[in-house]
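Peer 1:
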Amino acid sequence: MDLRLLDEVATAAERDAVDSLLGAPESGWDGGTRQDSDLRYARGGHAARDQRDLLLPALHAVNDRVGWISRGALNHICRRLTVPPAEAYAVASFYAMFALHERPERVVHLCTDIACAAAGSGRLRDRLAERLGPPGTHPDDAAATWHESPCLGMCERAPAALALQAGAPARYAVSAPATPEDLDALADGPPRQNGSANGSAPVGATADSSTNGHGAAGAAFPTTFHPAPLSGLSPEPEPVAAVPDAGSPDHVLLRRIGRVDPLSLDDYRSAGGYAALREALRLGPAGVIREVTDSGLVGRGGAAFPTGRKWNATAQQPDTPHYLVCNADESEPGTFKDRVLMEGDPFSVVEAMTVAGYAIGARTGYLYIRGEYPRALRHLENALSLARERGLLGTDIMGSGFSFDIEIRRGAGAYICGEETAIFGSIEGQRGEPRTKPPFPVEKGLFGKPTAVNNVETLVNVLPVLLMGGPAYAAVGTETSTGPKLFCLSGGVRRPGLYELPFGATLGDLIEAAGGLPEGRSIRGVLLGGAAGAFVRGDELDIPLTFEGARAAGTSLGSGVVLVLDDTADLGATLARVAAFFRDESCGQCVPCRVGTVRQEESLLRLRAGASPAEEVPLLREVGQAMRDASICGLGQTAWNAVESAIDRLGLYSEEDPDTPATPAPGDRAATEEAR
Amino acid sequence: MRRSEDFSTSYDRLTRPLVREHGELRPATWEEALDRAAAGFRQGVDRHGPNSFGMLSCARATNEMNFVAQKFARVVVGTNNVDSCNRTCHAPSVAGLAAAFGSGGGTSSYSEVEDTDLIVIWGGNPRFAHPIFFQHVLKGVRNGAKLFVVDPRRTPTAEWADRWFGLNVGTDIPLAHAVGREILHAGLANESFVERATSGFDEYRALVEPWTLAAAEAETGVPAEAIRELAHTYARAERAQLCWTLGITEHHNATDNVRSLINLSLLTGHVGRHGSGLNPLRGQNNVQGGGDMGAIPDRLAGFQDILDAEVRASFERVWGREIQDRKGLNLTQMFEAMEEGELKTLYVIGENPVQSEPETHKTTARLRALDHLVVQDIFLTRTAELADVVLPASAAWCESDGTFTNSERRVQLVRKALEPPEGARDDIEIMCAIATRLGHEWERPAAEEIWDEVRSLSPMHRGMSYARLAELDGIQWPCYSEDSLEPSYLHSRLWSKDPEERGAPAPFGIVGHSPPVDLLDEDFPFRLTTGRRLDDYNTGVQTGGFSSPLRRGELLDLSPEDAAKLGIEDGETVRVTSRRGSVLVPASITESMRPGLVFMTFHFPHQVDTQLLTIDATDPIAGTAEYKAAAVQIERIGPRPGQQAPSERRDAPDEALR
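The listed protein sequences derive, respectively, from chains A and B. Counted the way the working numbering counts, the first sequence spans residues 1014 to 1689. Counted the way the working numbering counts, the second sequence spans residues 69 to 726.
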C-alpha cells in the first residue's frame, strides 16, 4: 500500500506495547530492524492489510501503557498494520478515551450524566476543577488529569468516578458513590517516587487483589488491567451489590449473581453452567434456532427484534464466514444491566455466545465491551481463558466437532459504537460510523459478512430458553413480551439497582420494588429507556413494562432504564445534559444529526437562560423532526425524544410550568459548554 | 523542511513555423517552411536514394496519423525506414510475443486482470508508471488475486504486493529459468499443453537445467526459497497474469528477457485462456497502435510481414507504388546510420530523441550531422532546436479525430475537442502538404477515410468501422468482420484439440543469460537503474508544465546504508559519474533501495541529463537500449561536515530560488 509514514519514532515503551500485542515484527518492512534478507524479499499484501481490525487494540495498547498516543507510536502502529497515518489518526481521534497529546498517566473520569448529576456530581466536579483545573487540563506537575464523562454505567451507586492509570499493566479504580476524599486521592496520584518512567510498574497500587473477595490471587490469567485496583480508595463493592434483591428465588437471569465466584468456572458449572450449551449441541443448530424462535425472545438492547428470526436469517446466508457480535457497549445513560451480568456472571455470557455461534454457523464471535468497564473486562478475559483451557472454546468444543472462539474488543469511549452497524466499523479498525441499511447485518455485517449482533442480556436469555424449552419460556411474561426482563433503576428511589421481573409488571410495581421514593418526595418524571428514551409522568405508573404496553403509552422500554427524577431535580438542566450528550456523541457523519444536536443544545441553553419558550419550542420541534426523519441511525433519530416528551408530557417550558425559569440560571451555561 | 521548488518546465505551444537561417531558427510562413521541408527531403532522396531518409513517427498520435506517416515513408519517399519511440520501450515485447505466437500484442484484457488468481508484475512499477492499468490490478487484488512483484527496487507497486523479489539488475533470465526448472522438477508443468501447443521443449528443459535454485540465488540475489515460492505459486495458480514493462525491455538482451518470461507461460499453460495471459504494459497512449499501423520498419499495417510478397502486393495495389522487399532501419539503426553518413534526412513527428535516447552528446552530434532535419511538434523541444525546419502541430489527443489503441489492443475513438492554437496545423494535413510538394497529390482526407483504408488492408482491423467503435466503446483486435467479436484474450487456438485449428505451436525461446554490458568495478561500483515517478512522464515535455505537490525534481535514490557509508545526507547534491558522462544531482535516501543500487529518472533533462550516464548497448533483435543498467560512481561534492557550507545556489538569481 502507498504508505506515507511519519518521521517521528516510537519510544521503546510504545514499541513494546504494540509489539506485545502484535508479536515481534517479521522484517524491517513492518517495523523491525532492517536486515540483509529484507533487501531481497518482502511479504505483505493481503496478509499485511488484513490486520486492520487490530488497529483499535493497538491504540489501546499504547494508551494503556503510556497514557496517550504520540505521533511516533501512531507511526509504529501504522507500519505494523499497513494503515495510512491519516486513517489511524482519524480512528484514534474518534474515541474520547484516547489522547493524542501528552497527559499524565492517570485520568479520572467523573460521571456527570443524569443519574450522577441528580446525586450531586456537580460538587465533585467543582472540587476536581479546583484541584486540577478545567476538564482535560492539569497543573504542570500533576499526576492526573480529569474529564467529565457521560454515563459510566454505575447509576445504582451514583455519583461515580473511574480512574485509569497507564502502565504495564494498566490499573484502574472505581469510586462509587464517589466521595470528595476519594477524588482527592485519585487526583493526587500515586505517592511520588524517584522517576516513575513510562512503562514501569506503577507505584501506589495495593499489594494484593483481595478486594474482590474471591481469592487472593484474583484472575489466574494475564488480563488487560492489573487485578489490584489503585490504592487509596475504599474497595469497590461486589457486583452483587447492584442487585438489591439478590438471591431471590424468582431470578432467572440474575440467579447466579452473588452465589458464584465470577472468576471460577467450576463454580459456574456447579450452578448449572454449560448445561445449556450441552443441550444446544444435542439439538443441533436448527433445533436451537427453533427453540429460540418458539420462545418469542426479542432483543433487549432496545430495538426488540425477534432473536430467532435474526439467527435464522444469518444462519441461512450462503456467504461465509458468519460472525457473531455480542454488543456489550452498554452506553445508554442510565443502563448498567450488562455490566452487572458481565461482572457477576461472566461465564454465562461466554456460554451464551457459544450457543449463538453454534446456531448461526459462526466460528468467531466478537465481544465488544465498552472501554469504561475495566472490571467486567477483567472477568471476561479470565472467563475466556478458563473456557479455552477446558475445551469450552476453541476447536472441537465438548467433543462435538464444533469450533468457536471469542475475541474481546474494547471500545474507547464512543456511545455511537453501540449502534449495530457502527460496532462493525469500530471492530474493523475504522471510525465507528453507522452504515446505511439495507444491507442489513444478517447479509453484510462485520467484515461485509453475515453477522448476528446481539445484546448481552439477549444472549444470556438464551440459556434459560434452552434449559426450559422455547414454549415454556414463552409462557413467562405476556403474550408478545416473553420471559424475564432486567430493569435498571436509578435516581430518586430508595433502593436503586438492577431488578429482574417477568414482563407484565407495571412501572409502579417496579418503583415499589425499589422501595419507592423517600418520605416527602414526589415524582417529577420518569425517564424510560435512557437518553434515547422518553419521560413519563408520576401519574402514569400503571404503564405496563412490556414492549406493547410502553408503545401503547407512547414511550418505549429501550434498554430497560427507569430513571426516576424527583421533585428536587432540575429538569431543564437534565435536558441540557441530554442534549450535550447527543451533541458530543454524534459521529458527525450525517448533517441532520451533526447540526441538529448542536442546534438542539443551543436552544435548550437559551431556554435555560430565559429565552421565550414561544420562540424556542417550535424551533426545537422543527430541529427534532428533521433529526428524526433524516438521520442515518438511531442516535440522531432519538436525540429529540427525551426533550419532546419533557415538553409534551411533563409540560416543561409550557406557560404554567413551574420549572420554566423566570430568571436566567447562570452557572448552567458554563457547565454545559465546558463539556465541549 | 525541504524547500518547495518548482521543477516544472513551461513550454509554450509552437504556433509559427521556424526555419534555420545563418545557423539560427527564425519564424517563417507555412508556405516557406513547407517548401523548405519538402525541398530538403527531395534533395536528399535525389542525391542519396530513398533509404537515406528516416521517419520517426509519434506513439502519442492517432492510428490514422501513424498510418499516414508510414505511408509517407513508403509511398512518398519509398523507404521502410520508419519507426517510433516504441523502439525505446516495448519493441522487444512485440518481437518476443510475435516470435512465440505470431502477433506482438498482450494476450489478455484489463478485465481479466480483475478476474485472475495471481498477478505477477516483473520489471515494472505500474503504480507509478501505469496508474490506470494499476487500478485494474487493484481491483483484481480486491477480488482476491495475489500480487507478486519482481523488481530490484521495492517500488510502490511492490509495497502493494503479497511478495516482492528483489533481484539483481539484469538477472531476469536466470530467475525465469530457475523458476522454469523448479516447475519442471516439482512436476507442476502443464504437460498436455506443453505437448500439444509448444515446440522446443526438450531444448528448454536442457537450457534451464543448470539453473538450480542455488545457482539462481547466487546470480540474482533472490533467496532460493523465495524463487521456489514464486515457481510453485505461478504454476499452481488456476489463472495467472504475467505482466512486464521496461525492466524487462530496456536491456541489451531485451527480446531474450521477454522470451524467458513467455517460456513460463508455455510451461504452465498460462496463456490463451480467460484470466491467464501475458501483458507487456505499454507506456504511450498509442504505442500499441503505432506499431499496429505499420509505423515500424519490418511490418505493414496489421502486423503483416513486410518480407511476404503477397502482403506487399496487396498494399502496392492500393498505393500504386512498389514497397521495398527488405526491412527498414529501426530507430537505433537510424542513429547508427546517421553516424556512418548513410542516413541524411530525418522527419521527426512528436518525438524528442535528444532527451529520450541514451548518451545525449552522441545523439546530438548525430542529429547535427544530418543534411536535413524536420521536426513537427507541439513544443520547441531540444530536438526541435536542432532542426532545419520546425512545423507547429496539433495535439492529437484533443485536437484531432481518429483512433487510439491501448495496451489491451482496444481500438477506441478519439474526438476532436479543441481547435489547435492559431498557427498550428494537424499532423496529417502537414504531411499531405509536404507529400503534395513531393509530387503526390494527397488531399487532406478525413480521419474515417484513412481508417477505412487501414481496414481494407489489415484483416485484423476489418470489422472495426467508426460506427461500430462508437457503438461498442472500442473493439479489441483482432476483429475480422463486422458481424462478430473475438474473445477478449488471444491465442485460444493453442488449447484446441484439433491440430488444424491449433496451428503453429508456440516455440520455447532458447535464450541464455547475458549480464549487463556496463560492468561494475572498483571505479564504478554502483548499479544505476532508471525509471519513472508518478507525477512525471518521460522527458517531461508533456508533464513539466503541470504543477505537482509530489514533484521534487531529479533525484538520485540510494539506500540508507550507502548514504551512511559515503557520508551523504538526504537532499545533498552529489556527483554521479559513469564511463560516459557525469551529472550533479540531489540525493534522496530511501529504504526502497539496497546497498549498491541507485535510481534516477529522466523527467528533468533541463535540470539533470540522466541520459549522459546511460549506455547505448542495444538489443540486437529489437534495438532497445539498456537504460536499466549503467555502472556509476557517486561522490560527495559538498564540504565535509562541520565546515562552512557555501550555498550551491549563491550564484543563482534570486527568482530561481522561489
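Ideal Cβ placement from N, Cα and C applies to all residues, glycine included.
#1: What does V290(B) touch in chain A if you count any residue whose Cβ is under 9 Å from its own?
#2: When DSSP builds the beta bridges, which residues end up paired with K1498(A)?
#3: If you drop the 5 nearest sequence neighbours on each side, which residues of the same chain put their C-beta closer than 6 Å to that of E250(B)?
#4: So, for G706(B): in the same chain, excluding its five sequence neighbours on each side, which residues have a beta-carbon less than 6 Å away from its beta-carbon?
#5: With DSSP run on the structure shown, which of helix, strand or coil describes N193(B)?
#6: Can you give me the start and stop residues for the alpha helix (DSSP H) that T471(B) sits inside?
#7: Can the beta-carbon of L1294(A) be found less than 8 Å from the beta-carbon of E1304(A)?
#8: Taking the alpha helix (DSSP H) that C1129(A) falls in, what are its first and last residues?
#9: Under 8 Å between the Cβ atoms of G112(B) and S125(B)?
#10: If distances are taken between C-alpha atoms only, which option among R1508(A), L1523(A), R1507(A) comes closest to L1514(A)?
#11: In three-state terms, what does DSSP make of N1225(A)?
#12: Are the CB atoms of I241(B) and S333(B) within a distance shorter than 8 Å?
#13: Between the stretch 319 to 328 of chain B and the stretch 689 to 705 of chain B, can you find at least three pairs of beta-carbon atoms closer than 8 Å?
#14: Where do the ends of the alpha helix (DSSP H) carrying F216(B) lie?
#15: In whole angstroms, give me the CA-to-CA distance for S1213(A) and A1181(A).
#16: Give me, in chain order, the residues of the same chain whose beta-carbon lies closer than 8 Å to that of T473(B); leave out the 5 immediate sequence neighbours on both sides.
#17: Under 6 Å Cβ to Cβ from K214(B), same chain only, skipping five residues before and after it: list those, please.
#18: Determine the DSSP secondary structure at Q423(B), reduced to helix, strand or coil.
#19: Can you tell which of G1647(A), I1421(A), R1053(A) has the C-alpha that lies nearest to the C-alpha of L665(B)?
#20: Check whether the stretch 1035 to 1043 of chain A touches the stretch 1346 to 1360 of chain A, counting contact only when three or more Cβ pairs, one atom from each stretch, lie closer than 8 Å.
#21: Are the beta-carbon atoms of I683(B) and V136(B) separated by less than 8 Å?
#22: Which same chain residues, not among the five before or five after D677(B), have their C-beta less than 7 Å away from its C-beta?
#23: Mapping the DSSP letters down to three states, classify R1423(A) as helix, strand or coil.
#24: Need the endpoints of the beta strand (DSSP E) that P348(B) sits in, please.
#25: Near Y1287(A), which residues of its chain fall below 7 Å by C-beta distance, leaving aside the five closest residues on each side in sequence?
#26: Against chain B, with Cβ distances strictly below 8 Å, would S1494(A) count as a contact?
#27: Under a CB-based cut-off of 8 Å, is I241(B) close to chain A?
#28: Would you mind telling me which residues of chain A sit closer than 7 Å to G234(B), beta carbon to beta carbon, in chain order?
#29: Under 8 Å, do Q423(B) and P673(B) count as touching if we go by C-beta distance?
#30: Decide if H90(B) is buried, meaning its Cβ has at least 16 other Cβ atoms within 10 Å, or exposed.
#31: Applying the criterion that 16 or more other CB atoms from any shown protein chain within 10 Å of the CB defines a buried residue, is L1399(A) buried or exposed?
#32: Run through chain B and tell me which residues come within less than 9 Å of L1016(A), C-beta to C-beta.
#33: Quick check on H559(B): buried or exposed, where buried means 16 or more other Cβ atoms within 10 Å of its Cβ?
#34: Taking 8 Å as the CB-CB limit, is A1060(A) close to chain B?
#35: Quick check on the DSSP output: the alpha helix (DSSP H) that includes N1654(A) runs from which residue to which?
#36: Given that R1047(A) touches chain B, what residues does it touch there, using C-beta distances under 9 Å?
Peer 2: From the atom records:
#1: R1053, Y1054
#2: L1514(A).
#3: R296, A299
#4: Hits under 6 Å: E640.
#5: coil
#6: Unbroken run through T471(B) is the beta strand (DSSP E), 470 to 473; no alpha helix (DSSP H).
#7: Going by C-beta atoms, L1294(A) is not nearer than 8 Å to E1304(A).
#8: 1127 to 1131
#9: no
#10: L1523(A)
#11: Any reading at N1225(A) is ruled out, since the residue's pLDDT is 41, under 50, leaving its predicted position unreliable.
#12: no
#13: By the Cβ criterion, the stretch 689 to 705 of chain B is in contact with the stretch 319 to 328 of chain B, since at least three pairs of Cβ atoms, one from each stretch, lie closer than 8 Å.
#14: Element bounds for F216(B): not the alpha helix (DSSP H) but the beta strand (DSSP E), 214 to 218.
#15: Since pLDDT at S1213(A) reaches only 41, below the 50 mark, its modelled position is unreliable, and the value read off the structure follows with that caveat. Roughly 6 Å between the two C-alpha positions.
#16: N131, N354, Q356, G357, D360, V479, Q480, W545
#17: L186, D230
#18: helix
#19: R1053(A)
#20: no
#21: no
#22: T428, V651
#23: strand
#24: 345 to 348
#25: Excluding positions up to five away in sequence, the list reads E1364, L1405.
#26: Judged by the 8 Å Cβ criterion, S1494(A) is not in contact with chain B.
#27: Chain A contact via Cβ: absent.
#28: At a C-beta separation below 7 Å, G234(B) has these neighbours in chain A: L1052, R1053, Y1054.
#29: yes
#30: exposed
#31: buried
#32: E227
#33: Per the 10 Å Cβ criterion, buried.
#34: A1060(A) counts as touching chain B.
#35: Start and end: 1654 to 1661.
#36: What R1047(A) touches in chain B: P628, E629, E659.
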